[in-house]
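Please read the structure below before turning to the comments.
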Amino acid sequence: MTNGEGDGRDGRGGDDAPPGPAGEARGVTGVGVDPMPALDREGVEALRRERDELRDQVLRKRAEFENYRKRVDRDREQAGLDATTALLKDVIPTLDNLDRALEAAGADGTLRQGVELTRRELLALLDRYGVVIEDPTGQPFDPQRHQALSHEVVPGRPEGTVVEVFRKGYSYKDRLLRPALVKVAKAPDAAGDLGTDAVH
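Start counting the sequence shown at 30; every next residue gets the next number (the numbering used here).
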């Protein structure tokens, strides 16, 4: 080749584009390289306020989430407690029926043993769940936990005392499953009446 002919390559023999004008900066364009101006006192305070606000927002969100989690846990626990309470309430009448079967006259010995065994197993089940059988004989009458069927003057027993239990009560974790049916002592009236007042 002659000096006047070229093959599209520069004197270095490469395929790169020719360099730009002398002194032109090369590299990534559109990126600011100027340093940030120094912040004055007001700028610093504004940034601090923004930081504090963001931190407060994060703390509030964290507290809200924690309260939500606790509320969900309480609701779940309450739902489980309600379901267990309902089931135990349904079991108690079966225990009453077993008691009535044992009180029936002329029960066959083998049959009676089977009923007693079933009753013991049912009582053991209730005990495992923490059910408490309430026999308030001799205790003060509590209208929140007892249901009075009658009031009677009973010598030697103070007024308002439970003197007889017709049907025991049951409770579960401080929840009353069923009130006890009781007879309550009363004070004699002015005429010395010793009768019984039935509650209807």
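Heads up, the beta-carbon is just placed ideally off N, CA and C, and yes, glycines get one too.
Bear in mind the structure is a predicted one, so any value in this text is a computation, not a measurement.
Exercise. Could you give the distance in angstroms between the alpha-carbon of Arg14 and the alpha-carbon of Thr114?
Worked result: For residue 14 there is no data in the structure shown, the boundaries of the chain being 30 and 229.
Exercise. Out of curiosity, what's the CA-to-CA distance linking Arg80 and Val87?
Worked result: Numbered from its first residue, the sequence shown carries residue 80 at position 51. Numbered from its first residue, the sequence shown carries residue 87 at position 58. Using only the alpha carbons, I get a separation of about 11 Å.
For this session: From the DSSP output, in three-state form, read off Tyr4 for me.
Result: Summary: the structure shown does not reach residue 4, with the chain confined to residues 30 through 229, and so no result is reported for it.
Exercise. Tell me which same chain residues have a C-beta within less than 8 Å of the C-beta of Thr123, skipping the five on either side of it?
Worked result: Your numbering for residue 123 matches position 94 in the sequence shown. Leu151, listed in sequence order.
Exercise. Going by Cα to Cα distance, which pick from Val211, Val144, Leu154 and Ala133 is closest to Glu163?
Worked result: Sequence index remark: in the sequence shown, residue 163 carries index 134 (1-based). Ranked by Cα distance from Glu163, the first of Val211, Val144, Leu154 and Ala133 is Val211.
For this session: Give the C-beta separation of Glu188 and Ala216 to the nearest angstrom, bearing in mind that I take them to be a contact with Cβ-Cβ under 8 Å.
Result: On the sequence shown, residue 188 is found 159 positions in, with the first residue counted as 1. On the sequence shown, residue 216 is found 187 positions in, with the first residue counted as 1. Contact holds; Cβ gap of about 4 Å.
For this session: Starting from Ala153, trace the alpha helix (DSSP H) both ways and give me its first and last residue.
Result: As a working note, residue 153 is residue 124 in the sequence shown. In this chain, the alpha helix (DSSP H) harbouring Ala153 covers Gly138 to Arg157.
For this session: With DSSP collapsed to three states, give me the class of Ile162.
Result: Locating residue 162 in the sequence shown gives position 133, counting from the first residue. Three-state DSSP puts Ile162 in a strand.
For this session: Reducing DSSP to helix, strand and coil, say where Val182 ends up.
Result: Taking the first residue of the sequence shown as position 1, residue 182 is located at position 153. Note: Val182 maps to coil in three-state DSSP.
Exercise. With burial defined as no fewer than 16 other Cβ atoms inside 10 Å of the residue's Cβ, what is the status of Ala92: buried or exposed?
Worked result: Counting from 1 along the sequence shown, the entry for residue 92 is found at position 63. By the C-beta density criterion, Ala92 is exposed, having fewer than 16 other C-beta atoms within 10 angstroms.
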